[in-house]
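Chains as they are written, first to last, in full-length UniProt numbering: chain A, 1 to 623; chain B, 1 to 623.
Here it is as structure tokens:
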């Protein structure tokens, strides 16, 4: 992977930063965040402005360009990738390391006195604006909104914003109708004495209306906003997709409805002016509920005294707790996904020794097997198919320049998942197709111990996920090892593969307590730069736990793995496992064999079934 | 314990809340925080205003009195105690429970429109003022400073503020001279471009000048402030204690010194006016460093643009990392403390069966044995000597009304510690003098497993203590049990038994990373209301750990127990321990026998030595 040459682009950007055509006064720095106007993690090509200006296309990163410098902040998952993709114009700021300055501190250290720092007010979340603006102001600088996105002005071949057809989801998938969801939302609004709720996150709009789209790769969402009043529903969406009879029927656009359930469809681009009108018409004490991560532009449309901002919206929280239809859908999706992976691993075992399978071929083959499954829609993220040293690049995606051939001498890490109409999957398995070294097995086993420690943890109702993070690291820590990423993230139900408000991380972000019905990933790892990467990831469902006692009647929770794919036994040093851990592996493999075995049988996939049976033999621990 | 009758006091308080003699405008609510003007946890009798008005004298709690209501916020340690000590005028607000409103939310729910809420600006920390003031303002109310403390106006027999002689500590105890500490502080100030540093916490003043006092029971501190400039040292302190030749010599008050080390002694009461003068004389860009927990009154003395506020001061952080002299002193103190406890437990074993030992007698006996040790100064906190159901009152202190007789039928919990001139101790042991039930042993063993999990944990340099908290709970959680307090707190070196900036808690307060040389407690517990309490507490030193590997060259840390007192084996269900845990107990007991045995021998305490030897026999686990 050779870095993108950005000298000319940076020259052009620095020019428009001073051009009266775009800025009222010259800006001495320009911030290019990762997101789009909805603060999405995965974005459409037209929104990949940070990748365009820098070359670094990982999922998280913020670029800041000043007259003299260009710097990129990203986290541990992307240190290697960013270093590879960016040319020498750029300084990599490794977030999470002790000596790395914050964006604010760095700006203050490099800017001349009284500087203006520009940013697109639609792209920057209000909470970030506030923090950044305060820090800059206290150092004598100003954060200023630049209406026209300056990257767009120099991006001559910027792609069009996508506007693809919608999919309607019936009750068998969603469990609740969009009317039920509106009613529940309005009752949350009434509790907080709020009269309007602004839906800005794309997955929240999709979930609320039981619609899906394909405007953004991997995330089945569509560009839209919604504004929900106590008696009003406004959906801001472009294109002729609202002409689709199935969508009209689903949203009952042509039915005679009670006025409070009548959906008014409005152009996507009219959100700001409509919201400003809402803001102007508020009575004293009326409040408008927005996420504190909504864009600065939309937040400013509501006068400050009328804003009710929360880190997580009621939709985000409701969406995280899956109902029975969603949970059953997720189970079905994970069974199909496991069938595809059993096929893949069986195929890889035969093909890898021939030396003809590259990372890209393996990833394509995984997609091929998944696409054979019922209700397959697309992948849920770019497949991480990485062998040997590429495995240490935590969010690696194989491209022709880096594409490595799988061999019997190197560890292979596959982190992949799909969108099925009934659910979203995300699974990582780390395999060896020859004979792993004792050291590789040792590291793998520590990671496995961490995976089990989280998966089998029992904890009180009301516990936040970040309190479980150290369980995943304890076995690694004992040997002086660790990994530089969180342990788990929320997973949507045929929605975004990363979603809030819960997760398992050492970063004590404001996560909401885990509740029965929530779905998260459990994915500890270990990475050795230049050598190999190991990660073991299941998607797990939070379920009530039976315990001997019940302190303060709080009740307890634990996890049930939804992912049912064998964990390669040849990578396990069984003598490093306790008997309890060994039993966990054997119980897990028994379940894989039963559930996935039955499905492989039903689909007539006999060779993969034989592979599964072999890979799920019980481990025996020699005491 | 019968509750304090507060009807008349509340009537008087509500009267002065409206009296033009004390308030410019009537206040509809008055806040009575726990602390003193230094935000101390332990306070002098003259500062026990919250206890005076409510009867509740636990170490943490905030009272708010409105025209109609009186409410008390406190945490899980004190739910039972507060309920016992307060009469029916008071509503107990159980912090940490889901349905308990915050003080702000509660005020907003009970106050009439446009209310004024009063508070003593010297008692409320600036960060609390800010949060409270903002919340009240957004609901149309006002937080107002009331200069004269309203409790003092009705507290006719309020005791005098203490002003006791000082103790000087030489280099053999402190390792660093006060001049060294001033130099180090000024270098931290220079790093942050700060020209003044205001020392408001009593233990920080004491530590900085290598002085100790006895103005506050249990905490060897004295009432004082300090203001350190780049070339100036001002110490604000009352009384003739500055006439003591030893103190004059120690502070070199009569020597010819470089001007930047010349200490100017000023009256305690002049701090506000002196600080206002400092604030008025600042040049542009000059900053004054204060803790964000300094009082609102002192913080306001510095104009906002000139303030540099941090949650932890450089003194707080430097003080937490003990140097070799301090660590060695702490070791000596813990050896002496263990000798006293071996004597006590040997004595209790003989006396308890006679039915003559009450909680108070046991506590007094513990103090007697401690006071026989060299350099004993006082206790480090009120001894928690509790048997049977009293053990479930987490911060119980026996008083005649509750005093229970120890027996062979109930669990006995002793949480006690002392101040020695070379260090501070804090140790909890839970014992049974008859035959514990299987259930009591089971619970004790879960607590022990948690204690060991923290004590034996290995973790990377830079880890914050809150990431270790769940290790202490895991064994309890597995059985549906838990405890409602944190797992550990920082411990001072002949200073406060509770100190920042590190700790081990599920509450993700802004703790600083653990560093070699820091000293914390490790004290998980289990409490069953109305039945018993269990806690096992050691003070532990953070030390470098040897690990097989060393990821990213970060290095690893672990803990070394400083407390060396046997853990009662009859309370342990050895079959619930893993072999590793069993080895930990045996290694720990071997060290107790070696180190404390040698000291008991040296002191000629042969009976206690025989007790120690018997109590440190190896546990044997039947597989």
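Ideal placement from N, C-alpha and C gives every residue a C-beta, glycine not left out. Bear in mind the structure is a predicted one, so any value in this text is a computation, not a measurement.
- In the structure shown, residue 33 of chain B falls within a coil segment according to DSSP collapsed to helix, strand and coil.
- The C-beta of residue 470 of chain A comes closer than 8 Å to at least one C-beta of chain B.
- Residue-level contact check: residue 459 of chain B touches chain A, since one or more beta carbons of chain A fall below 8 Å from its beta carbon.
- As DSSP reads the structure, residue 537 of chain B sits in a beta bridge with B:428.
- Annotation: the region 264 to 327 of chain B contains the following complete segments of the beta strand (DSSP E) (minimum length 3 residues), in chain order: 288 to 291 and 307 to 310.
- The beta-carbon distance between residue 495 of chain B and residue 203 of chain B, rounded to whole angstroms, is 5 Å. This is short enough to meet the 8 Å contact definition.
- Contact with chain A is absent for residue 270 of chain B, since none of that chain's Cβ atoms lies less than 8 Å from the residue's Cβ.
- In terms of beta-carbon proximity, residue 549 of chain A lines the interface with chain B, with at least one pair separated by less than 8 Å.
- Contact between the region 81 to 95 of chain B and the region 114 to 134 of chain B is absent: fewer than 3 CB-CB pairs across the two stretches fall below 8 Å.
- In this structure, residue 295 of chain B places its C-beta atom within 8 Å of the C-beta atom of residue 200 of chain B.
- At a cut-off of 8 Å between C-beta atoms, residue 75 of chain B does not count as an interface residue with respect to chain A.
- If you draw a straight line from the Cα of residue 505 of chain A to the Cα of residue 172 of chain B, it comes to about 44 Å.
- Any Cβ of chain A closer than 8 Å to the Cβ of residue 98 of chain B would place that residue at the interface, and such an atom is present.
- Interface annotation for the region 488 to 507 of chain B against chain A: 506, criterion Cβ-Cβ distance under 7 Å.
- Assignment of residue 412 of chain B by DSSP, reduced to helix, strand and coil, places it in the strand class.
- One finds 477 and 480 in chain B with Cβ atoms closer than 8 Å to the Cβ of residue 556 of chain A, taken in chain order.
- Taking the CA atoms as reference points, residue 526 of chain B sits about 46 Å from residue 531 of chain A.
- Residue contact with chain B for residue 118 of chain A: absent (no Cβ-Cβ distance below 8 Å to any residue of chain B).
- Under the 10 Å beta carbon count, residue 545 of chain A is surrounded by 16 or more other beta carbons and is classified as buried.
- For residue 501 of chain A, the enclosing beta strand (DSSP E) begins and ends at 499 to 504.
- For a Cβ distance threshold of 8 Å, residue set 469, 470 and 506 of chain B lies close to residue 467 of chain A, ordered along the chain.
- Sequence-ordered contacts of the region 518 to 550 of chain B with chain A read 547, 548, 549 and 550 [C-beta pairs closer than 7 Å].
- With a contact defined as Cβ atoms closer than 8 Å, residue 558 of chain B and residue 543 of chain B qualify at about 6 Å.
- Proximity to residue 444 of chain A across A:94, A:535 and A:298 peaks at A:535, based on C-alpha coordinates.
- In chain order, 412 and 568 place their CB closer than 6 Å to the CB of residue 431 of chain B, counting only its own chain and leaving out the 5 sequence neighbours on each side.
- Distance from the CA of residue 615 of chain A to the CA of residue 560 of chain B, rounded to the nearest whole angstrom, comes to 44 Å.
- When DSSP assignments are scanned along the region 98 to 122 of chain A, the uninterrupted stretches of alpha helix (DSSP H) that are 4 or more residues long and fall wholly within it turn out to be 103 to 110.
- Shown here, residue 553 of chain A sits in a helix according to DSSP, grouped into three states.
- Bounds of the beta strand (DSSP E) holding residue 379 of chain B are 376 to 379.
- Contact between residue 394 of chain A and residue 76 of chain A holds, since their C-beta atoms are separated by about 7 Å, short of 8 Å.
- Comparing alpha-carbon positions, the option among A:124, A:549, A:117 and A:161 lying closest to residue 140 of chain A turns out to be A:117.
- Listed by position along chain B, the residues whose Cβ is nearer than 9 Å to that of residue 462 of chain A are 98.
- In the three-state DSSP reduction, residue 522 of chain B falls in the strand class (E or B).
- Judged by DSSP secondary structure, residue 441 of chain A falls within the alpha helix (DSSP H) whose first and last residues are 438 to 455.
- For the region 127 to 169 of chain B, the full-length beta strand (DSSP E) segments reaching 3 residues or more read 142 to 145 along the chain.
- Going by C-alpha positions, residue 107 of chain B is about 43 Å away from residue 32 of chain A.
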